[in-house]
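Every letter in the sequence shown is one number past the one before it in UniProt numbering, and letter 65, counting from 1, is 65. The structure under discussion appears below in the form of structure tokens.
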Amino acid sequence: MLFVSVQSLEKIEAILFDLDGTLVDSLPDLHFGIEQVLRKWHLASMSEEEVGRYIGKGVVNLAQRVLQARLPGAGEEEIQKFTRDYVNALSVSGNAHTRLMPTVKESLAALRADGIPLALVTNKAGALIGDVLKKTELEGFFPENLRISPDGGLSPKPAPDMLLLASRRLGVPAGQCAMFGDSRNDALAARAAGMQSVLVRTGYNEGVPIDRWAVRAKGKCHMPAQRDYVTP
1 MLFVSVQSLE
11 KIEAILFDLD
21 GTLVDSLPDL
31 HFGIEQVLRK
41 WHLASMSEEE
51 VGRYIGKGVV
61 NLAQRVLQAR
71 LPGAGEEEIQ
81 KFTRDYVNAL
91 SVSGNAHTRL
101 MPTVKESLAA
111 LRADGIPLAL
121 VTNKAGALIG
131 DVLKKTELEG
141 FFPENLRISP
151 DGGLSPKPAP
161 DMLLLASRRL
171 GVPAGQCAMF
181 GDSRNDALAA
191 RAAGMQSVLV
201 RTGYNEGVPI
211 DRWAVRAKGK
221 CHMPAQRDYV
231 TP
């Protein structure tokens, strides 16, 4: 992750962060969880690369796409059961393979020292967030009420719902918040919420390089000269 000075963004008073692919590299754990459930269901194995192509819109969407690839015709009940089995597999694993992205802790500490309010806005299942933050020693940066997930009926990104809730809880107008993420879902959610966004090149973006998406998404995102991130 590249630290971007808040001064480089216009009129920003608070920053929202995605989790997987932005603050932490969790793909090895996500792959592990999927493999555990595929094995339990007696379905064919799946590579880490393929799992990476399905990450971005939350755990239910991930389960649905995995089942489309391995069990065509799976219904809603099977998708929900696969989702529960997957979340349970990750909970039991203790997120053993998840690692911090480079310079994340230093970046968050610098932002906090500058008095910038922070929130976490992630499509990850809420039951898994606390363990990941504890393992990576990030829990102190994000109080529980500022860990926003789709739990409780909120629509996942690219819908703006979670970002707008974070804005309200921070007490900062949406137009003065920036969303840091790794995928088009982060950028589109920020756009819908009326926020600026910064996209790091360390994530998954459903298998599409974020640079390529940025070029195609003219009017939504452009690429500055910096090496490690793109902004809308």
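Note that the Cβ used here is the ideal one computed from N, Cα and C, for glycine as well.
Residues sharing a beta bridge with residue i, DSSP
i: residue 198; result: 180
i: residue 87; result: Paired residue(s): none; residue 87 is not in a bridge.
i: residue 147; result: 120
i: residue 20; result: 24
i: residue 99; result: 25
Terminal residues of the beta strand (DSSP E) in which residue i lies
i: residue 16; result: 14 to 17
i: residue 118; result: 118 to 121
Length of the line joining the Cα atoms of residue i and residue j
i: residue 193; j: residue 83; result: 28 Å
i: residue 137; j: residue 23; result: 11 Å
i: residue 117; j: residue 12; result: 10 Å
i: residue 131; j: residue 95; result: 7 Å
i: residue 198; j: residue 175; result: 14 Å
i: residue 38; j: residue 173; result: 44 Å
i: residue 21; j: residue 111; result: 19 Å
i: residue 145; j: residue 155; result: 17 Å
i: residue 178; j: residue 66; result: 32 Å
i: residue 50; j: residue 191; result: 28 Å
i: residue 14; j: residue 158; result: 20 Å
i: residue 171; j: residue 128; result: 26 Å
i: residue 32; j: residue 93; result: 9 Å
i: residue 185; j: residue 200; result: 13 Å
i: residue 189; j: residue 195; result: 8 Å
i: residue 183; j: residue 59; result: 15 Å
i: residue 78; j: residue 54; result: 18 Å
i: residue 165; j: residue 143; result: 14 Å
i: residue 163; j: residue 119; result: 9 Å
Buried or exposed (CB count within 10 angstroms, at least 16 for buried), residue i
i: residue 147; result: buried
i: residue 122; result: buried
i: residue 113; result: exposed
i: residue 150; result: buried
i: residue 44; result: exposed
i: residue 56; result: buried
i: residue 109; result: exposed
i: residue 202; result: buried
i: residue 107; result: buried
i: residue 47; result: exposed
i: residue 134; result: exposed
i: residue 80; result: exposed
i: residue 68; result: exposed
i: residue 124; result: buried
For residue i, the first and last residue of its enclosing alpha helix (DSSP H)
i: residue 37; result: 27 to 40
i: residue 61; result: 59 to 70
i: residue 172; result: That residue, residue 172, is in no alpha helix (DSSP H); it is neither H nor E in DSSP.
i: residue 129; result: 126 to 135
i: residue 48; result: 48 to 53
i: residue 107; result: 104 to 113
Nearest-angstrom beta carbon gap, residue j and residue i [assumed within contact, 8 Å]
i: residue 27; j: residue 52; result: 6 Å
i: residue 18; j: residue 153; result: Rounded, the Cβ-Cβ distance is 20 Å, inconsistent with contact.
i: residue 97; j: residue 161; result: Not confirmed; about 30 Å, so no contact.
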